[in-house]
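Colleague: Dumping the structure here so I can ask a few things about it.
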Amino acid sequence: HVPHAQCLKKIQAAMKDPEKEPQVAKIYQSIGVYLGYAVAQYCEYLDIKNVLILGRVTTGHGGEIMMEYARKVLQADFPELAHIKFHTPTEHMKRVGQCVAAAALPEVK
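The sequence shown begins at 13 in this note's numbering and counts up by one.
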């Protein structure tokens, strides 16, 4: 996980550079599109009204872009799902999101 965390830090740093931000934002746009389609696919089996997005990838402006594009996918391609709301926890909780998810997993025996 260390290489991925280092890569994410570089991407987030590039998002703060006005010259690099337009190009780097495309990464978050792509993630948002994939997220939107994934949520729509899950809706084939689940009645989803709210989606909680966790993890450091949602930190900063990139996370906002990601959720904006997920919403755009639902509005454009799945208007019947446009009511779905995306939520993010506080900045502190974003950083420990994976730990929260892991703590909620059932014990394997």
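Glycine is no exception: its CB is placed at the ideal position from the N, C-alpha and C atoms. Note that the structure is predicted; figures quoted are calculated from it, not measured.
In this structure, how does DSSP classify Glu99 when only helix, strand and coil are distinguished?
Modeller: A small correction: the amino acid at residue 99 is His; Glu does not occupy that position in the sequence shown. DSSP places His99 in strand when its eight states are reduced to three.
Colleague: Measure from the alpha carbon of Gly44 to the alpha carbon of each residue in Gln35, Ala82, Gly67, Leu58, then state which is nearest.
Modeller: Among Gln35, Ala82, Gly67, Leu58, the Cα nearest to that of Gly44 belongs to Ala82.
Colleague: Which partner residues of Leu64 appear in the DSSP bridge assignment?
Modeller: His99, per the DSSP bridge assignment.
Colleague: Nearest CA to the CA of Gly74: which residue from His16, Lys28, Lys121?
Modeller: Ranking the options by Cα distance to Gly74, first place goes to Lys28.
Colleague: For Val51 versus Ile60, is the C-beta spacing smaller than 8 Å?
Modeller: Contact flag set, yes.
Colleague: Using the Cα positions of Lys97 and Val14, report the straight-line distance between them to the nearest angstrom.
Modeller: Roughly 31 Å between the two C-alpha positions.
Colleague: Using 10 angstroms around the beta-carbon of Leu86, count the other beta-carbons present and answer buried if the total reaches 16, otherwise exposed.
Modeller: Counting Cβ neighbours within 10 Å, Leu86 comes out buried, since at least 16 surround it.
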